[in-house]
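Q: As you go down the protein sequences, you meet chains A and B in turn. So for the first sequence, the working numbering puts the first residue at 186; every next one is plus one. So for the second sequence, the working numbering puts the first residue at 137; every next one is plus one. Here you go, one structure.
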Amino acid sequence: MAGAVQFRAIARLAALEAIRRPVFLLVSLSVCAGIVALPLLLNYTLGDSARMVRDSALALYFVGGWLLAATAAGESLARERRRGTAAAVLAKPVARATFFLAKTAGVGAAVFLYSVAALAAALLAVRAGASDLRLDWTAALPALLAAGLAPAVAGAWNHRTGRPFTSAAFGLLLAFLLAALAVAAVFPTPLERLAFPANFSWELLEVGGLLGLGLGMAVALAAALATRLPVTPVLLICAGFFLGGLMADYFLGPHLADSFAARLAYAALPNVQAFWLLDALDVAAHVPAAYAAGCAAYAAAWSAAVLALGLASFRSLEISG
Amino acid sequence: MENPPAIQATDLRKTFRDFWRRPRVEAVRGISFAVPAGQVFGLLGPNGSGKSTTIKMILGLLFPTAGRLDVLGASPRSVAVKSRIGYLPEESYLYPHLTPLETLTFYARLFRLPAAVARERIAQLLDMIGLAHARNRPVGEFSKGMARRIGLAQALLNDPDLVILDEPTAGLDPQGTRQVKDLILALAARGKTVLLTSHLLADVEDVCAQVAILFNGRLLAQGTLDELLAQKDKTTLTFPTPADPLALRKVRDAARAALGAEPALDHPRQPLEPYFLRIVESAAQDAASPASGAVPAAPLAPFLQK
Chain A
186 MAGAVQFRAI
196 ARLAALEAIR
206 RPVFLLVSLS
216 VCAGIVALPL
226 LLNYTLGDSA
236 RMVRDSALAL
246 YFVGGWLLAA
256 TAAGESLARE
266 RRRGTAAAVL
276 AKPVARATFF
286 LAKTAGVGAA
296 VFLYSVAALA
306 AALLAVRAGA
316 SDLRLDWTAA
326 LPALLAAGLA
336 PAVAGAWNHR
346 TGRPFTSAAF
356 GLLLAFLLAA
366 LAVAAVFPTP
376 LERLAFPANF
386 SWELLEVGGL
396 LGLGLGMAVA
406 LAAALATRLP
416 VTPVLLICAG
426 FFLGGLMADY
436 FLGPHLADSF
446 AARLAYAALP
456 NVQAFWLLDA
466 LDVAAHVPAA
476 YAAGCAAYAA
486 AWSAAVLALG
496 LASFRSLEIS
506 G
Chain B
137 MENPPAIQAT
147 DLRKTFRDFW
157 RRPRVEAVRG
167 ISFAVPAGQV
177 FGLLGPNGSG
187 KSTTIKMILG
197 LLFPTAGRLD
207 VLGASPRSVA
217 VKSRIGYLPE
227 ESYLYPHLTP
237 LETLTFYARL
247 FRLPAAVARE
257 RIAQLLDMIG
267 LAHARNRPVG
277 EFSKGMARRI
287 GLAQALLNDP
297 DLVILDEPTA
307 GLDPQGTRQV
317 KDLILALAAR
327 GKTVLLTSHL
337 LADVEDVCAQ
347 VAILFNGRLL
357 AQGTLDELLA
367 QKDKTTLTFP
377 TPADPLALRK
387 VRDAARAALG
397 AEPALDHPRQ
407 PLEPYFLRIV
417 ESAAQDAASP
427 ASGAVPAAPL
437 APFLQK
C-alpha cells in the first residue's frame, strides 16, 4: 500500500529523531541506571526490601516513561514546525493525517524501546534484590555493567567514528541490558529464602505492559497538544493530566453518581492508577486476562479520542515555518 | 485550444490573526495573477511583500482568508496535486542527521516512487548537483550552498510538472547559480512550469518569461519582461569595432545627421557571470586535489531530459 510506505518512512524518521535527542538518553539512562542500582540502595534494609525494589523499579519506569513520552512527542512535532521540515514534508503528497499519525507512531516506537530497556533492568533488579539478606550478584553485576558500559562504549565509538553518541548509547544500553538478562538466565539464582518464587519475576512484564499502555496515552496526549503548543506548556499539561489521573478516583470518585462535571472530568483524565497492579500480584500470580483486555480497550479508546482531537487541530493548522 | 494556467489566483487575500483571532497582519491584499503552463514566472518584491505567503498558499500550507486559488486545476490542499509539484523552500529545511542519500530516499518514499526508480533518480540527481562524493555525510555538516543543492534535488525527484523555487540561487556560488538558471530553462523547454521568487533581479531577467511585482501585499505590475522593460523610445545598434577610428566618427556623424540627436557610442561590456565561470572552470581543470565541498556538477540529470 502506497500510504503505508509514507507512514513507515515518517514514523521511522520520527523514532530515530526522538532517540537522537539528548533528553531521551538522559531519561533512559537515568531510569535504567536507577533501577539496576535499587538493590544496592534498598537491600539490607529491615523488612520488605524485595518488594520495595520491585515497586520502586516500576514506579521509576512509569514516571520516567511519562516524562520521556511527553517530551519526545511534544518535541517531535514542535521541532518539525519550528525547523520548517513540516512544511517541506507537507508540500509533498502527504496527507496531514498520515504525517501526524506517523509522527505519533514513531515516538510511540521509541518509547516502546525505552520500555523494553527499563523492564529488562527491572527484571534484573528484582532478581538481584529478591532476598532481604544478600544480593544476587549473577544478576546485579551484569545489570550494573550494562548501564555503566553503554555510555562509555558509545563515547569511544563516537570519538573513533564520529557517529551520533546519543542513539548509539541508547542502542547499546538496550542491547547490553538484554544481554545481561541472557547472562543472568544462564546462572540460577544462588539466593535462598526468596521473596518471589522464580529466577525472574516474569509477571512484572504483565504489569509493565499495562503501564506501557499508560505511556502510550501520554504519547497521544503530548502529540495532540503539540499541534498547537510549544514544548514547555505541553510538558506542564501532561504533568497535570498525570497527577490528575493518579488522583481522579480519590477526588472525583465520590461525585461520579450525581455530578455530570465529575463524570466528564473523570473520562477526560487518563486513569493511570488502573494500570498499577503490583498490589494485586501479591494475592494472585498473574494479571487476569479480562482485566488486561479491559485496560487495553480503555487506553486505546482514550488515545484514539485524544488523537482525533489532535488530528482535527493539525488539519486546520497553518504551517508557516 | 490554449492550455489552462498552471496557477490561477483571483482576488487572493491572506490576513494573519493573533491568539484572540484579531487581524494582525494583512500579508496579501487581493492579488490576481495567472501563471501560464510551460513558462517561467517570477514573483518579485522586497522583503515582506507577500511572496512567501503566496507561495505557501499555493502549496496548501497556509489557507487563503478570501479569494480563489487553483493549482494545476485543483485546490492547493489536494494531496494528488502535490505529487505533481516540486518545491524548493527559501531556507533549506533538511533533517540535519540524515545524509544526502538518506534525505533523498526519504523524500522519494514520500513521493511513492518505486525503489528502482528512486535509486536511479537519486544517483542521477547527486551527480547533477555535484554531491555524489558527499552522499554519506550528514547534511547538518554542509555549507548553506551545499544544503541548497540537496534542497534542489529533492524538489526535482518526482520530475514535477510545476516547480516552485523560493529564492533558488540564494547561497549558491556563481557556478551553482548558473547551473540553477540552466536547469530552470531546461525545465521550461520540456514544458514544465516554473514559479520562482528572487531578490536577484539579474537572475530573474535571465530566465523569466513573465514577472509579477508585489509590494506590501499588492500586485504593482505584471507582464512579460519585454512588455515591462523594453525602452521603446531608444534603439541600440551593435557592430564590430572598426579598425579605422575614422569609420566610427563617420557612423556617429551620420546618425547625428539622420536623427538630429547625439548618439551614445561605447563598447558593450560582457556580464561578469560568464567571465567568472570561464576562469574558475579553467582553474578547476588544472587543480590536482579533489574538492571537499560541491564539485562542478554534471549536466542535467538524464531523467529530467526525457
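All residues carry an ideal CB built from backbone N, CA and C; glycine is no exception. Computed from a prediction, not measured in an experiment: that's the story for all the values here.
(1) According to DSSP, simplified to helix, strand and coil, what is Thr374(B)?
(2) Please decide whether Pro225(B) counts as near chain A, where near means a Cβ-Cβ distance under 7 Å.
(3) Report yes or no: is there a C-beta of chain B within less than 7 Å of the C-beta of Ala273(A)?
(4) What's the gap between the Cα of Ile504(A) and the Cα of Asn456(A)?
(5) When you check each C-beta in the segment 317 to 330 of chain B against every C-beta of chain A, which residues fall closer than 7 Å?
(6) When the cut-off is 7 Å and only beta carbons count, does Ala280(A) lie next to chain B?
(7) Closer than 9 Å by beta-carbon distance: list the chain B residues that pair up with Pro349(A), in chain order.
(8) In three-state DSSP terms, what is Ile504(A)?
(9) DSSP has Asp472(B) in a bridge; who is on the other side?
(10) So which residues of chain A does Lys442(B) contact, with C-beta pairs closer than 8 Å?
(11) Have a look at Ala295(A) and Ser444(A) and give me their C-alpha separation to the nearest angstrom.
(12) Please state whether DSSP places Val279(A) in a helix, a strand or coil.
(13) Who are the neighbours of Phe242(B) on chain A, taking C-beta pairs under 8 Å?
(14) Using only CA atoms, which one of Ala254(A), Ala313(A) and Glu265(A) lies nearest to Leu420(A)?
(15) Since Glu514(A) is in the alpha helix (DSSP H), which residue starts that stretch and which ends it?
(16) Using CA atoms only, rank isn't needed, just tell me which of Gly291(A), Val371(A), Phe355(A) and Ala235(A) is closest to Ser386(A).
(17) Give every residue of the same chain whose Cβ lies closer than 8 Å to the Cβ of Thr305(B), excluding the five residues on either side of it in the sequence, and list them in chain order.
(18) Using a beta-carbon distance cut-off of less than 7 Å, what residues from the segment 165 to 195 of chain B approach chain A?
(19) Residues in the same chain with beta-carbon distance under 8 Å from Tyr229(B), minus the five sequence neighbours each way, listed in chain order, please.
(20) Can you find a C-beta in chain B that's less than 7 Å from the C-beta of Thr270(A)?
(21) Distance check for Pro373(A) and Val338(A), CA to CA, integer angstroms please.
(22) For the beta strand (DSSP E) holding Tyr223(B), just list the boundary residues, first then last.
(23) Less than 7 Å between CB atoms is the rule here; does Glu260(A) satisfy it with respect to chain B?
(24) Alpha carbon to alpha carbon, how far is Thr372(B) from Ala393(B)?
(25) List the residues of chain B whose Cβ lies closer than 9 Å to the Cβ of Lys288(A), in chain order.
(26) Measure the alpha-carbon distance for Val164(B) versus Gly184(B) and round it to whole angstroms.
(27) To the nearest angstrom, how far is it from the Cα of Leu208(B) to the Cα of Asp302(B)?
(28) Can you tell me which of the three DSSP states Gly312(B) falls into?
(29) Quick check on DSSP: helix, strand or coil for Ile415(B)?
(30) Does Ala276(A) come within less than 7 Å of chain B when only Cβ atoms are used?
(31) For Ile167(B), which residues does DSSP report across the bridge?
(32) Less than 7 Å between CB atoms is the rule here; does Arg319(A) satisfy it with respect to chain B?
(33) Anything in chain A within Cβ reach of Val215(B), meaning under 8 Å, just list it in chain order.
(34) For Phe284(A), count neighbouring Cβ atoms within 10 angstroms of its own Cβ and tell me buried if that reaches 16, exposed if not.
(35) List the residues of chain A whose Cβ lies closer than 7 Å to the Cβ of Lys218(B), in chain order.
(36) Buried or exposed: Asn294(B), going by 16 or more other Cβ atoms within 10 Å of its Cβ?
A: If we stick to the structure as given:
(1) Within the second sequence, residue 374(B) is the residue found at index 238, counting from 1. Secondary structure at Thr374(B): coil, using DSSP grouped into helix, strand and coil.
(2) By one-based count along the second sequence, residue 225(B) stands at place 89. Chain A contact via Cβ: present.
(3) Taking the first sequence and counting its residues from 1, one reaches residue 273(A) at position 88. Judged by the 7 Å Cβ criterion, Ala273(A) is in contact with chain B.
(4) Within the first sequence, numbered from 1, the residue matching residue 504(A) stands at position 319. Within the first sequence, numbered from 1, the residue matching residue 456(A) stands at position 271. One C-alpha to the other measures close to 34 Å.
(5) Of all residues in the segment 317 to 330 of chain B, none has a Cβ within less than 7 Å of some Cβ in chain A.
(6) Counted from its first residue, the first sequence places residue 280(A) at position 95. Chain B, which has a Cβ nearer than 7 Å to the Cβ of Ala280(A), makes this yes.
(7) As a first step, residue 349(A) is located in the first sequence; it is residue number 164 there, counting from the start. Here the neighbours are His233 and Pro274.
(8) Taking the first sequence and counting its residues from 1, the one referred to as residue 504(A) is at position 319. Three-state result, Ile504(A): coil.
(9) A question about residue 472(B) goes unanswered here, because the residues of chain B that appear run from 137 up to 442.
(10) Walking along the second sequence from the start, residue 442(B) turns up at place 306. What Lys442(B) touches in chain A: nothing, since even the nearest Cβ is about 21 Å away.
(11) Here residue 295(A) corresponds to residue number 110 of the first sequence, with the count starting at 1. Here residue 444(A) corresponds to residue number 259 of the first sequence, with the count starting at 1. Taking the straight line joining both Cα atoms gives about 39 Å.
(12) Here the question's residue 279(A) lines up with position 94 in the first sequence. Judged by DSSP in its simplified three-state form, Val279(A) adopts coil rather than helix or strand.
(13) Walking along the second sequence from the start, residue 242(B) turns up at place 106. Within chain A, the residues near Phe242(B) are Ala194 and Leu198.
(14) Taking the first residue of the first sequence as 1, we reach residue 420(A) at position 235. Answer by Cα proximity: Ala254(A).
(15) Residue 514(A) is absent from the model: chain A starts at 186 and stops at 506.
(16) For the purposes of this step, residue 386(A) is taken as the residue at position 201 of the first sequence. A check of alpha carbon separations from Ser386(A) across Gly291(A), Val371(A), Phe355(A) and Ala235(A) identifies Ala235(A) as the nearest.
(17) As a working note, residue 305(B) is residue 169 in the second sequence. Excluding residues within five positions, the ones whose Cβ falls inside 8 Å are Gly312, Thr313, Val316, Lys317, Ser334, Leu336 and Asp339.
(18) Listed by position along the chain: Lys192 and Leu195.
(19) As a first step, residue 229(B) must be located in the second sequence, where it is residue number 93. The beta carbon of Tyr229(B) sits closer than 8 Å to the beta carbons of Gly287 from its chain, once the five residues preceding and following it are set aside; these are given in chain order.
(20) Within the first sequence, the letter at position 85 stands for residue 270(A). It does: the Cβ of Thr270(A) has a partner Cβ on chain B nearer than 7 Å.
(21) Looking up residue 338(A) in the first sequence gives position 153. Looking up residue 373(A) in the first sequence gives position 188. One C-alpha to the other measures close to 28 Å.
(22) Numbered from its first residue, the second sequence carries residue 223(B) at position 87. Start and end: Ile221 to Leu224.
(23) Counted from its first residue, the first sequence places residue 260(A) at position 75. The beta-carbon of Glu260(A) is placed no less than 7 Å from the nearest beta-carbon of chain B.
(24) In the second sequence, the residue the question calls residue 372(B) occupies position 236. In the second sequence, the residue the question calls residue 393(B) occupies position 257. Each residue's Cα considered, the two are about 17 Å apart.
(25) Along the first sequence, read from residue 1 onward, the residue named residue 288(A) stands at position 103. Within 9 Å of the CB of Lys288(A), no CB atom of chain B is found; the nearest one sits about 13 Å away.
(26) By 1-based counting over the second sequence, the position of residue 164(B) is 28. By 1-based counting over the second sequence, the position of residue 184(B) is 48. Cα to Cα, the separation comes out at about 10 Å.
(27) In the second sequence, residue 208(B) corresponds to position 72, counting from 1. In the second sequence, residue 302(B) corresponds to position 166, counting from 1. CA-CA distance, Leu208(B) to Asp302(B), rounds to 19 Å.
(28) The sequence position of residue 312(B) within the second sequence is 176, counting from 1. Three-state DSSP puts Gly312(B) in a helix.
(29) Translated into the one-based positions of the second sequence, residue 415(B) becomes position 279. In the structure shown, Ile415(B) sits in a helix (DSSP, three-state: H, G or I).
(30) For the purposes of this step, residue 276(A) is taken as the residue at position 91 of the first sequence. Using beta-carbon distances, Ala276(A) counts as an interface residue toward chain B, with a partner under 7 Å.
(31) Walking along the second sequence from the start, residue 167(B) turns up at place 31. Per DSSP, the beta-bridge partners of Ile167(B) are Leu148(B).
(32) The count along the first sequence starts at 1 and reaches residue 319(A) at position 134. With its beta carbon at least 7 Å from every one in chain B, Arg319(A) lies outside the interface.
(33) Working through the second sequence from its first residue, we reach residue 215(B) at position 79. In chain order: Pro278, Val279 and Ala280.
(34) Here residue 284(A) refers to the residue found at position 99 when the first sequence is read from its first residue. Phe284(A) comes out buried.
(35) For the purposes of this step, residue 218(B) is identified with residue 82 of the second sequence, where counting begins at 1. For the C-beta of Lys218(B), the chain A residues within less than 7 Å are, from N- to C-terminus, Ala276, Lys277 and Pro278.
(36) Taking the first residue of the second sequence as position 1, residue 294(B) is located at position 158. Taking a 10 Å sphere around the C-beta of Asn294(B), we find 16 or more other C-beta atoms and assign the residue as buried.
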